[in-house]
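Please read the structure below before turning to the comments.
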Amino acid sequence: MAYYRRAGEVPRTRHTRHPNPDGGLYYEELMGEEGFSSDSSLLYHRHIPSAIVDARVWEVPDLTRTSNAPLAPRHLKLHGLFGDEWKNTDTVTGRRLVLGNDDVRISYVAAGAPSELYRNSIGDECVYVESGGATVQTVFGELHAAQGDYIVIPRGTTHRWLPEGGEPLRAYAIEANSHIAPPKRYLSRYGQFLEHAPYCERDLRGPEEPLLLEGTDVDVLIKHRGNGPGGIAGTRYTYPHHPFDVVGWDGCLYPYAFNVADFQPITGRVHQPPPVHQVFEGNNFVVCNFVPRKVDYHPESIPVPYYHSNVDSDEVMFYCGGDYEARKGSGIGQGSVSLHPGGHSHGPQPGAYERSVGVQAFDELAVMVDTFRPLDLGEGGTAAEDPSYAWTWAGRGQRG
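Using UniProt numbering, read the sequence shown as starting at 1 and increasing by one per residue.
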């Protein structure tokens, strides 16, 4: 995110002395992307950020995957994955893998317990808050996460989730093996949002001030490259001092929040294709959101999507608000995920095509992830499946 922010105390010139009140120096850390060739921030620590006193294996949550075979559209009911155990479940270790490939992993969690400190060293995370709220404490400062927020956390950012209130924090986590950013077509060559973009810098909420916490022998869970499923492993570091010891930082790399209600939908005389709904992109995948909006105004228009074949991608929809017109009669509801894989022609359920004629607005909210490599089912996806979904277009059950 090439949008400069500054918080706390930083020296006038980078890579120069930053004296502390005791006569010593604060320790400068560069956190950057693509080596030294892309966005970065400089953080100033009270203690040496590289110092650790212990390292142990951490068993990451189950990341095993099962192929979508035979090839079929899938309906996954995520709300059924968590019962009363949400009260003792945290937002990091409680995630259950729903779908994934070598580029991206999609998980779901209902949580009520604070997470441990955590750092994803594989890729950026984009966590959509379906309901509930939390404080997200990070090495850059705090963010408040509320219903409808995307929380984008850059690779390597130490953070933790602290759910608030008496209801579960329901979160849909998109973990990349790359960076996650606004689409390039929304940005100028210098990184400013352009006038045609459906959101802009004013809509982004970054940390306002450093979060200074004290502590000794503090554990941090590290997700990193290794020999586990999907090439992922985990390690538990113990730091002699609390990692949230940053007195100031500045730069263009930091966690931020964006609420889906601030997305300005793009509409037209006839049905607009999914790229107009795009909000983020990563390597080999995109993230879109379908929000309440006026729909097509051509007098002969059919507002629901036309039937289409995913030749190059798998399409995943997470239904998280309103009433999704095209899926009526399929069994899909709040907390559902649909997977329409490449090679399968899909579109509205029977009757939805005709019912949409003359409709002027849709009250729907959904997060879509399109991937350009096939998705496998995670253990959470397998556990949440509605096996009758694939046959709903035909109006009858599976043959035989």
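All C-beta atoms in this analysis are idealised placements derived from N, C-alpha and C, irrespective of residue type, glycine included. Predicted model, so just to flag it, every value in this text is computed and none were measured.
* Can you name the start and end residues of the beta strand (DSSP E) that A352 belongs to? -> Here the question's residue 352 lines up with position 352 in the sequence shown. Premise fails: A352 lies in the alpha helix (DSSP H), A352 to R355, not in any beta strand (DSSP E).
* Asked: Counting pairs of Cβ atoms below 8 Å between the stretch 56-74 and the stretch 382-389, do you hit three or more?
  -> yes
* To do: Quick one: grab the DSSP three-state call for G231.
  => Here residue 231 refers to the residue found at position 231 of the sequence shown. Here G231 sits in helix by DSSP.
* K77 in three-state terms, based on DSSP -> Residue mapping note: residue 77 aligns to position 77 of the sequence shown, counting from 1. Of the three classes helix, strand and coil, the one that applies to K77 here is strand, per DSSP.
* To do: Given a cut-off of 9 Å, decide if Y199 and I106 are closer than it, judged by their beta-carbon atoms.
  => Position 106 of the sequence shown, counting from 1, holds the residue named residue 106. Position 199 of the sequence shown, counting from 1, holds the residue named residue 199. It is not a contact, given that the beta carbons lie outside the stated cut-off.
* Secondary structure, alpha helix (DSSP H): runs of 4+ residues fully inside the UniProt domain "Homogentisate 1,2-dioxygenase C-terminal" (290-361) -> Qualifying alpha helix (DSSP H) stretches, in chain order: 352-355.
* Does the stretch 364-375 touch the stretch 312-329, meaning 3 or more C-beta pairs lie closer than 8 Å? -> yes
* Counting Cβ pairs closer than 8 Å, one from the stretch 359-366 and one from the stretch 85-94, do we hit at least three? -> no
* **Helix, strand or coil at W161 according to DSSP, with G and I counted as helix** => As a first step, residue 161 must be located in the sequence shown, where it is residue number 161. In the structure shown, W161 sits in a strand (DSSP, three-state: E or B).
* For the beta strand (DSSP E) holding T371, just list the boundary residues, first then last. => The residue given as residue 371 occupies position 371 in the sequence shown. Start and end: E364 to T371.
* By how many angstroms is the C-alpha of A145 removed from the C-alpha of L162? -> Taking the first residue of the sequence shown as position 1, residue 162 is located at position 162. Taking the first residue of the sequence shown as position 1, residue 145 is located at position 145. Spanning the two alpha carbons is a distance of roughly 10 Å.
* Rounded straight-line distance, which links the Cα of Y353 to that of E111 -> For the purposes of this step, residue 111 is taken as residue 111 along the sequence shown, with counting starting at 1. For the purposes of this step, residue 353 is taken as residue 353 along the sequence shown, with counting starting at 1. Note that residue 111 is Ala in the sequence shown, not Glu. If you take the alpha carbons of A111 and Y353, they lie about 38 Å apart.
* Within this structure, are the beta carbons of T267 and L211 separated by less than 9 Å? -> Here residue 267 is taken as the residue at index 267 of the sequence shown, counted from 1. Here residue 211 is taken as the residue at index 211 of the sequence shown, counted from 1. Cβ atoms of T267 and L211: not closer than 9 Å.
* Coarse secondary structure for V279, derived from DSSP in three states -> Indexing the sequence shown from 1 puts residue 279 at position 279. Reduced to three states, the DSSP call for V279 is strand.
* Do V284 and V104 have their C-beta atoms closer together than 9 Å? -> By 1-based counting over the sequence shown, the position of residue 284 is 284. By 1-based counting over the sequence shown, the position of residue 104 is 104. A small correction: the amino acid at residue 284 is Asn; Val does not occupy that position in the sequence shown. A contact, by the Cβ cut-off of 9 Å.
* CA-CA distance, N227 and E175? -> Mapped onto the sequence shown, residue 227 falls at position 227. Mapped onto the sequence shown, residue 175 falls at position 175. So the two alpha carbons sit approximately 18 Å from each other.
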